[in-house]
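**Q** All letters in the sequence shown, in the order written, are residues -21 to -1, 1 to 306 by mature numbering (1 follows the signal peptide of the UniProt record, and there is no 0).
Before I ask anything, let me first share the structure, which is written out below as C-alpha cells.
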Amino acid sequence: MRLFQLFLVSVLIGLSNNAISSEQLNKISVRFPIPIIEAGQTTFYVSQDKGYYAEEGLDVKFEMGSKELNPVKMVASEQDDFAILGGPDTLLVARSKGHPLKAIAVIHRNSNFPCLITLKSSDITKLEQLQGKKIGFFYGHISTDVLRNLLRKNKIKYTEVDVGFDYAQLIAGRIDAEWAFTVTAGLELPAKEVDINFISPADYEISTHGYTIFATEKTIRERSDIVLRFVRASLKGVKYTLDNPESALQSLIKRAPKLNKELNLKRQLAYNEVTSNTDEFPLGYMDETMFQSTYDRLVEEDVIEKSFDVKSAYTVKFLEKIHGISF
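Structure (C-alpha cells):
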C-alpha cells in the first residue's frame, strides 16, 4: 500500500510538472507570406511536429498571410512576433517606408524562383524574342517588379496583362508569356501536360533569394533570447527536411491531405536544392552582398521610397551564435 501511495504521488508530481512546463512555454505567432499551405512551409511544420520548438520552450502558432493580413503589416503592428517573406525584397521596401524590420535568417540563397514562362510550342526561349509580345503579370506581387526590371534593362517593349495566378490565357495562346515561380507553376503546368519554356532573370544577371525570416527591431532588442531559440529550432527543421525530404513532407501533407504527394515532393526537392547548407553558406546564411544587390535592383525598380544603409536591414548575430562562426 505504501509503495502504491508513493507511486501515485510521483505520478501526480510528474503530471503537475508537465502541466507547469506546458504553461511556461513562450507563445509566439508566426505569419506565412501566402494564404495557402505549400512546400516552402514544410521545414517550419517539421520543427513543430518534431518538438524542436517545444525543446526551446516555444509554443508556436502559424498564421496564413493574405493581402490584408500580410507579414509586414502584422509584424510591424506587433500582432505577430515573426514572419516569413518570399525574399528580402519586400522587407527592404518596407524599411524604406519607415518600418523598423530586420531579417534574422534567409533560407533560400540565389533561389531565383521568379521567372517568365512560355509555351513550348511558341519556341520563345530568349528574352529578345518577347519584343512586341503580350506578357501576363500578377499586379501588386513583388515578382512583377523583378520581371519588369528584367524587361526594361534589356530594352524589351511589350504589352502588359494582369492575370494574377491564372494561366488560362497563356495556355489558350491569348498571351505570349507569363510570370511564374519555378517551384509552383513551373512544376504544376508540366504535371498537367502543358509543356513550357523558362526565361530566368538569373540568366541576365538578376538574382533573387527565397524565404526570409524577420522580426521588428524591438523584438530583436528586447526578446533576443526568444529570437535565438526560434531561429535555432527553425533551422533544425530545415536540416531535417534536407536530410529526410520524404519523411518531412508528411508534416505538410497532414495539414493539407488533398495535396498531390508526388508533385509536392518534387517541389520540396526544388526548395532543398537552393537551401543554404554548406561550410561556406550554412543554414540561414545571409550577408551584405545579398541585401545590397537586392537593394540596388529595387532602386532601379523605383520602389525604394527613402534610401538607407542595407546593413540596418538584417542581423547575423543569431546565426553566428547558432553556428559558432563569424559571418
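Glycine residues also receive a C-beta, built at the ideal position from the N, C-alpha and C atoms.
1) Are the beta-carbon atoms of residue 308 and residue 228 separated by less than 8 Å?
2) So what does residue 115 bridge to, in DSSP terms?
3) With a cut-off of 8 Å on the beta carbons, I'd call residue 7 and residue 205 a contact; round off their distance for me.
4) Hey, which unbroken runs of the alpha helix (DSSP H) at 4 residues or more fall wholly within the region 29 to 66?
5) Can you give me the C-alpha to C-alpha distance between residue 183 and residue 301, rounded to a whole angstrom?
6) Determine, using beta carbons only, whether residue 234 and residue 24 come nearer to each other than 8 Å.
7) In angstroms, rounded to a whole number, what distance separates the CA positions of residue 41 and residue 125?
8) Quick one: what does DSSP say residue -8 is sitting in, helix, strand or coil?
9) For residue -20, which residues of its own chain have a beta-carbon under 7 Å away from its beta-carbon, when the five flanking residues on both sides are left out?
10) Which residue's Cα is closest to the Cα of residue 166: 92, 21, 186?
11) Of the residues 305, 255, 127, which one's Cα is nearest the Cα of residue 218?
12) What are the start and end residues of each continuous alpha helix (DSSP H) run of 4 or more residues lying completely inside the region 152 to 237, in chain order?
13) Are the beta-carbon atoms belonging to residue 26 and residue 285 less than 8 Å from one another?
14) To the nearest angstrom, how far is the alpha carbon of residue 195 from that of residue 288?
15) For residue 153, tell me which candidate among 140, 18, 162, 46 has the shortest Cα-Cα distance.
16) Thinking residue 178 and residue 105 are a contact (beta carbons under 8 Å), I'd like their distance in whole angstroms, please.
17) In three-state DSSP terms, what is residue 24?
18) What is the residue span of the beta strand (DSSP E) that residue 249 lies within?
19) Could you tell me the boundaries of the beta strand (DSSP E) in which residue 132 lies?
20) Alpha carbon to alpha carbon, how far is residue 159 from residue 129?
21) Per DSSP, what kind of secondary structure is residue 4 in: helix, strand or coil?
22) Is residue 150 helix, strand or coil when you go by DSSP?
23) Since I believe residue 263 is in contact with residue 298 (beta carbons under 8 Å), could you give me their beta-carbon distance rounded to a whole number of angstroms?
24) Assuming contact is defined by CB atoms lying nearer than 8 Å, are residue 12 and residue 65 in contact in what I supplied?
25) Considering residue 278, what are the terminal residues of the alpha helix (DSSP H) in which it resides?
26) Assuming residue 83 is part of the beta strand (DSSP E), what are its boundary residues?
27) Per the DSSP calculation, residue 96 is bridged to which residue(s)?
28) Across which residues does DSSP place residue 10 in a beta bridge pair?
29) Taking a contact to mean a Cβ-Cβ separation below 8 Å, would you say residue 84 touches residue 192 in this structure?
30) Once DSSP output is grouped into helix, strand and coil, what is the label at residue -17?
31) Can you have a look at residue 144 and say buried or exposed, based on whether 16 or more other CB atoms are within 10 angstroms of its CB?
32) Compare the Cα-Cα distances from residue 157 to each of 185, 96, 63, 214 and report the closest residue.
**A** So, from the listed chains and residues:
1) This structure does not reach residue 308, given that the chain is present from -21 up to 306, and the question cannot be answered.
2) Counting from 1 along the sequence shown, the entry for residue 115 is found at position 136. Residue 115 is bridged to 140, 157.
3) Within the sequence shown, numbered from 1, the residue matching residue 7 stands at position 28. Within the sequence shown, numbered from 1, the residue matching residue 205 stands at position 226. The Cβ separation is near 7 Å, so the contact holds.
4) Counting only runs of 4+ residues, the alpha helix (DSSP H) found wholly inside the region 29 to 66 occupies 31 to 34, 50 to 55, in chain order.
5) On the sequence shown, position 204 is the one that residue 183 refers to. On the sequence shown, position 322 is the one that residue 301 refers to. Between residue 183 and residue 301, the C-alpha separation is close to 35 Å.
6) Taking the first residue of the sequence shown as 1, we reach residue 234 at position 255. Taking the first residue of the sequence shown as 1, we reach residue 24 at position 45. Yes, these two residues count as a Cβ contact at 8 Å.
7) Along the sequence shown, read from residue 1 onward, the residue named residue 41 stands at position 62. Along the sequence shown, read from residue 1 onward, the residue named residue 125 stands at position 146. Answer to the nearest angstrom: the Cα atoms are 28 Å apart.
8) Sequence index remark: in the sequence shown, residue -8 carries index 14 (1-based). Note that residue -8 scores 47 on pLDDT, short of 50, meaning its location in the model is unreliable and no value can be drawn from it.
9) Counted from its first residue, the sequence shown places residue -20 at position 2. Only weak support exists for where residue -20 lies, its pLDDT of 47 falling under 50; the coordinates are left without a value.
10) Translated into positions along the sequence shown, residue 166 becomes position 187. When each option's Cα is compared against that of residue 166, the closest is 92.
11) Your numbering for residue 218 matches position 239 in the sequence shown. Of 305, 255, 127, the residue nearest in Cα terms is 255.
12) 164 to 170, 196 to 201, 203 to 222, 224 to 232
13) Here residue 26 is taken as the residue at index 47 of the sequence shown, counted from 1. Here residue 285 is taken as the residue at index 306 of the sequence shown, counted from 1. No. Outside cutoff.
14) Here residue 195 refers to the residue found at position 216 when the sequence shown is read from its first residue. Here residue 288 refers to the residue found at position 309 when the sequence shown is read from its first residue. Rounded to whole angstroms, residue 195 to residue 288 spans 17 Å at the Cα level.
15) For this step, residue 153 is matched to residue 174 along the sequence shown. Of the listed residues, the one whose Cα sits closest to residue 153 is 140.
16) Taking the first residue of the sequence shown as 1, we reach residue 178 at position 199. Taking the first residue of the sequence shown as 1, we reach residue 105 at position 126. Sure, about 7 Å apart at Cβ, within 8 Å.
17) Here residue 24 corresponds to residue number 45 of the sequence shown, with the count starting at 1. Looking at residue 24 - three-state DSSP - the assignment turns out to be helix.
18) Along the sequence shown, read from residue 1 onward, the residue named residue 249 stands at position 270. Counting along the chain, residue 249 falls outside any beta strand (DSSP E), though it belongs to the alpha helix (DSSP H) covering 240 to 252.
19) Your numbering for residue 132 matches position 153 in the sequence shown. Element bounds for residue 132: not the beta strand (DSSP E) but the alpha helix (DSSP H), 121 to 132.
20) As a first step, residue 159 is located in the sequence shown; it is residue number 180 there, counting from the start. As a first step, residue 129 is located in the sequence shown; it is residue number 150 there, counting from the start. About 14 Å.
21) Along the sequence shown, read from residue 1 onward, the residue named residue 4 stands at position 25. Residue state, collapsed to three classes: coil.
22) Locating residue 150 in the sequence shown gives position 171, counting from the first residue. In this structure, residue 150 counts as helix in the three-state DSSP scheme.
23) Translated into the one-based positions of the sequence shown, residue 298 becomes position 319. Translated into the one-based positions of the sequence shown, residue 263 becomes position 284. With a Cβ gap of about 5 Å, residue 298 and residue 263 count as contacting.
24) Residue numbering aside, residue 12 sits at position 33 when the sequence shown is read from its first letter. Residue numbering aside, residue 65 sits at position 86 when the sequence shown is read from its first letter. Against a cut-off of 8 Å, the Cβ pair of residue 65 and residue 12 comes out as a contact.
25) Within the sequence shown, residue 278 is the residue found at index 299, counting from 1. Counting along the chain, the alpha helix (DSSP H) containing residue 278 begins and ends at 267 to 279.
26) Within the sequence shown, numbered from 1, the residue matching residue 83 stands at position 104. Per DSSP, residue 83 belongs to the beta strand (DSSP E) from 80 to 85.
27) For this step, residue 96 is matched to residue 117 along the sequence shown. Answer by DSSP bridge pairing, in chain order: 157, 177.
28) Counted from its first residue, the sequence shown places residue 10 at position 31. Answer is 42, 62.
29) Residue mapping note: residue 84 aligns to position 105 of the sequence shown, counting from 1. Residue mapping note: residue 192 aligns to position 213 of the sequence shown, counting from 1. Going by C-beta atoms, residue 84 is nearer than 8 Å to residue 192.
30) Position 5 of the sequence shown, counted from the first residue, corresponds to residue -17. Interpretation of residue -17 is limited by its pLDDT of 46, a score under 50 that renders its predicted location unreliable; the figure taken from the coordinates is listed afterwards. Helix at residue -17.
31) As a first step, residue 144 is located in the sequence shown; it is residue number 165 there, counting from the start. Per the 10 Å Cβ criterion, exposed.
32) As a first step, residue 157 must be located in the sequence shown, where it is residue number 178. Comparing Cα positions, the closest option is 96.
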